[in-house]
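Presented below is the structure to which this report refers.
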Amino acid sequence: MALGRTAARCWLRSGSFLESRFFCEAPRMKSGCRRQLSSGHGGKWRGEVFEKSRIFRRGFTFSTLSYLGYNAYLVISQSAMVHADVKDDEVIDQADYLYRSGETEKLYQLLIEYKNSENGQLLWRLARALHDLAQLSHISTEKKRQLAYEALDYAKKALEKDAACYCVHKWYAISLSDVGDYEGINKKIASAFVIKEHFQKAIDLNPKDATSLHLMGIWCYTFADMPWYQRNIAAVLFSTPPSSTYEEALRYFQKAENVEPNFYSKNLLFLGKTYMKLNNKKMALLWLTKAKDRLPHTEEDKQVQKEALGLLNSI
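Going by the numbering used here, the sequence shown opens with residue 292, and the numbers climb by one from there.
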């Protein structure tokens with residue numbers, strides 16, 4: 292009966308990729324990528340149990356009592372696994388509620404208790420919580436650096452545990468990019484292709500995730516807007532250095548907005564900035580005004596609003 296309830300909950304959750312607001316970096320990210328009871332660590336565990344059962348029965352002649360006792364052990368062990376799954380689900384539900392509520396520090400305190408978890412769904416959420424914690428204004432520069440490296444460690448572990456989850460790839464790429472900010476321009480450029488690869492993987496796994504599309508747009512905008520000296524560094528590091536265009540960046544920002552209109556203030560801002568780069572004043576005014584007028588919910592939203600106003604005054 293417990294297994295039935297758990298399976299039902301997983302099925303219900305898998306029916307929608309979208310949550311309130313999320314990910315990353317930037318916006319309040321989506322959750323998604325729920326773990327299934329039939330796969331991952333649980334599936335491996337069950338295989339090991341049944342293999343041990345087969346060997347055990349072949350090697351010995353059980354008495355009826357011994358046989359029933361061993362099967363009782365299997366039932367109890369499987370029940371413990373199911374209850375562990377239920378507990379993880381409950382923690383994930385709590386984490387997603389705190390994330391949607393903007394309770395960054397409470398979210399961190401909840402998830403850090405599961406830093407040794409083998410559940411990729413908990414681990415990528417912990418990476419996200421560390422990223423978001425580093426964005427808070429009262430966090431020192433040294434602490435921000437520490438949090439960035441910790442987030443990357445957990446994102447790597449999540450990737451090892453659940454590479455079929457788009458959120459895992461997204462947060463691995465974000466965490467890798469964050470660490471690059473502390474390792475100099477050479478290493479940041481050197482990791483550019485890996486970052487793009489994981490953003491693309493996230494998009495392939497869930498083409499309707501607005502944040503992944505937005506982040507790919509940021510990647511394209513960054514390399515389209517790269518200063519000449521960084522281009523020279525890229526040319527030294529790669530025979531074919533990473534590059535893009537404002538037109539390509541614009542396509543991703545537009546796709547993100549089409550998937551989920553007004554989902555993120557920064558996407559509105561970058562639509563305006565990209566149109567400015569393309570000398571389309573009318574469209575730049577439209578999107579920068581949307582960014583300025585959007586009701587701010589986070590510190591980042593307020594920064595976006597301020598930047599949008601400054602750009603509008605400069606046009």
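All residues carry an ideal CB built from backbone N, CA and C; glycine is no exception.
Residue i CB to nearest heavy atom of the ligand GDP below 7 Å
i, result
"Ala425", "Here there are no bound small molecules, and the ligand GDP is not part of this structure."
Rounded Cβ spacing between residue i and residue j (contact assumed at less than 8 Å)
i, j, result
"Leu579", "Gly563", "4 Å"
"Ala442", "His422", "5 Å"
"Trp510", "Val459", "The Cβ separation is near 18 Å, so there is no contact."
"Tyr512", "Ala540", "4 Å"
"Lys461", "Ala493", "4 Å"
"Gln400", "Cys324", "Their Cβ separation, rounded to whole angstroms, is 23 Å, which puts Gln400 and Cys324 out of contact at 8 Å."
"Asn558", "His505", "5 Å"
"Ala463", "Lys447", "Checking the sequence, you will find Tyr at residue 463 rather than Ala. Tyr463 to Lys447, Cβ: 7 Å. Contact."
Per-residue DSSP class, three states only, for residue i
i, result
"Gln596", "helix"
"Cys458", "helix"
"Gly393", "coil"
"His429", "coil"
"Lys499", "coil"
"Asn523", "helix"
"Glu342", "In this predicted model, Glu342 has a pLDDT of only 40, less than 50, meaning its place in the structure is not dependable enough to derive any value."
"Met517", "coil"
"Ile494", "helix"
"Phe529", "coil"
"Asp387", "helix"
"Ile606", "coil"
"Thr297", "Because Thr297 carries a pLDDT of 38, less than 50, the predicted location of this residue cannot be relied on, and the following value inherits that uncertainty. If DSSP states are grouped into helix, strand and coil, Thr297 belongs with the helices."
"Tyr399", "helix"
"His422", "helix"
"Asp380", "helix"
"Asp453", "coil"
"Gly350", "Note that Gly350 scores 46 on pLDDT, short of 50, meaning its location in the model is unreliable; the coordinates nonetheless yield the value given after this. Looking at Gly350 - three-state DSSP - the assignment turns out to be helix."
"Tyr440", "helix"
"Ser556", "helix"
Residue i versus residue j - alpha carbon distance
i, j, result
"Val373", "Ala454", "Any reading at Val373 must be qualified, since the residue scores a pLDDT of 48, below 50, and its modelled position is unreliable; the value itself is stated next. Going from the Cα of Val373 to the Cα of Ala454 covers about 22 Å."
"Glu598", "Lys378", "43 Å"
"Ser392", "Leu398", "10 Å"
"His489", "Arg419", "16 Å"
"Val485", "Asp495", "15 Å"
"Leu417", "Thr432", "20 Å"
"Glu538", "Leu600", "24 Å"
"Gly471", "Val527", "18 Å"
"Pro518", "Val550", "31 Å"
"Tyr445", "Leu402", "11 Å"
"Glu591", "Ser428", "10 Å"
"Ile465", "Ile480", "14 Å"
"Tyr388", "Asp380", "12 Å"
"Leu576", "Leu603", "7 Å"
"Thr536", "Tyr520", "17 Å"
"Gln491", "Tyr457", "9 Å"
"Phe514", "Arg522", "9 Å"
"Tyr440", "Lys568", "33 Å"
"Lys581", "Lys434", "34 Å"
"Leu438", "Thr589", "19 Å"
"Glu404", "Gln596", "35 Å"
"Ser330", "Lys572", "Confidence is the limiting factor: at Ser330 the pLDDT is only 34, short of 50, which leaves the residue's position unreliable, though a coordinate-based value still follows. Approximately 51 Å between the Cα atoms of the pair."
"Met574", "Asn497", "29 Å"
"Arg542", "Val382", "37 Å"
"Phe529", "Ile476", "14 Å"
"Tyr390", "Lys593", "18 Å"
"Asn410", "Gln385", "15 Å"
CA nearest to the CA of residue i, picked from the options
i, options, result
"Tyr555", "Val527, Tyr537, Asn410 and Asp584", "Asp584"
"Arg436", "Leu506, Gly411 and Asp469", "Asp469"
"Asn570", "Ile465, Ile606, Tyr543 and Ser503", "Ile606"
"Ser534", "Leu576, Met507 and Ile403", "Met507"
"Asp516", "Phe561, Lys406, Ala493 and Thr589", "Phe561"
"Lys452", "Ala483, Ser482, Ser408 and Leu576", "Ser408"
"Lys499", "Ser482, Ala547 and Ala582", "Ala547"
"Ile430", "Phe514, Lys487 and Thr395", "Thr395"
"Ser503", "Lys572, Gly475, Phe514 and Gln545", "Gln545"
"Lys487", "Arg542, Tyr390, Leu467 and Asn497", "Leu467"
"Thr531", "Ala483, Lys573 and Tyr543", "Ala483"
"Lys478", "Leu438, Ala525 and Asn497", "Ala525"
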